[in-house]
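In what follows, a structure is listed as structure tokens, so that the remarks can point back to it.
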Amino acid sequence: MNSNIMTLFIFVPFLACALLALNLFFAPKNAYEAKASAYECGFLAIEGQTRSTFQIHFYIVAMLFLVFDLEILLLFPLAVTLYQVSTYGFVTGLIFFFVLTIGFVLEIGSGAISLTNTHE
Numbered sequence: 000m001n002s003n004i005m006t007l008f009i010f011v012p013f014l015a016c017a018l019l020a021l022n023l024f025f026a027p028k029n030a031y032e033a034k035a036s037a038y039e040c041g042f043l044a045i046e047g048q049t050r051s052t053f054q055i056h057f058y059i060v061a062m063l064f065l066v067f068d069l070e071i072l073l074l075f076p077l078a079v080t081l082y083q084v085s086t087y088g089f090v091t092g093l094i095f096f097f098v099l100t101i102g103f104v105l106e107i108g109s110g111a112i113s114l115t116n117t118h119e
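Laid out in structure tokens, this is it:
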């Protein structure tokens with residue numbers, strides 16, 4: 000095995016543990032009740048701050064965007080190498096795209112993606 004890779008396998012866990020230990024020792028520990036509460040999940044916002052409560056609908060839309068963004072990322076290599084992958088690769092790509100399209104249709108049908116806020 001390459002010595003550079005072995006160095007990474009040894010150095011990265013050591014560095015991660017060292018940084019976590021530094022965080023435990025030097026991080027300020029002045030938590031209070033309002034700071035520890037999760038206002039995104041329905042609690043009232045902290046008084047005096049300009050932040051408002053966070054609706055979970057936006058989080059769901061963001062996660063669905065990431066899933067379908069990754070779909071495009073996985074289909075790009077197929078499009079680039081379509082002449083080399085022959086019919087088997089093309090059919091496999093079509094099946095992949097078809098399954099993700101079914102998932103997208105089910106998400107729209109369940110109301111996870113909607114322009115109006117119906118999740119309250």
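Using numbering that gives the first Met the number 0, you'd call the opening residue of the sequence shown number 0 and step up by one each time. Glycine residues also receive a C-beta, built at the ideal position from the N, C-alpha and C atoms.
Quiz item: What is the DSSP secondary structure of G92, counted as helix, strand or coil?
Solution: helix
Practice problem: Could you round the C-beta distance between I71 and A111 to whole angstroms and report it? I think they count as a contact, below 8 Å. | Solution: With 8 Å as the limit, I71 and A111 do not qualify as a contact, their Cβ atoms being about 19 Å apart.
Quiz prompt | Distance, T100 Cα to V84 Cα | solution = 22 Å
Self-check item: Of the listed residues Y82, E106, L77, T86, nearest to F96 (C-alpha basis)
Solution: L77
Self-check item: Backbone CA spacing between F25 and L65 [nearest angstrom]
Solution: 35 Å
Self-check item: alpha helix (DSSP H) segment containing A61, residue limits
Solution: 55 to 79
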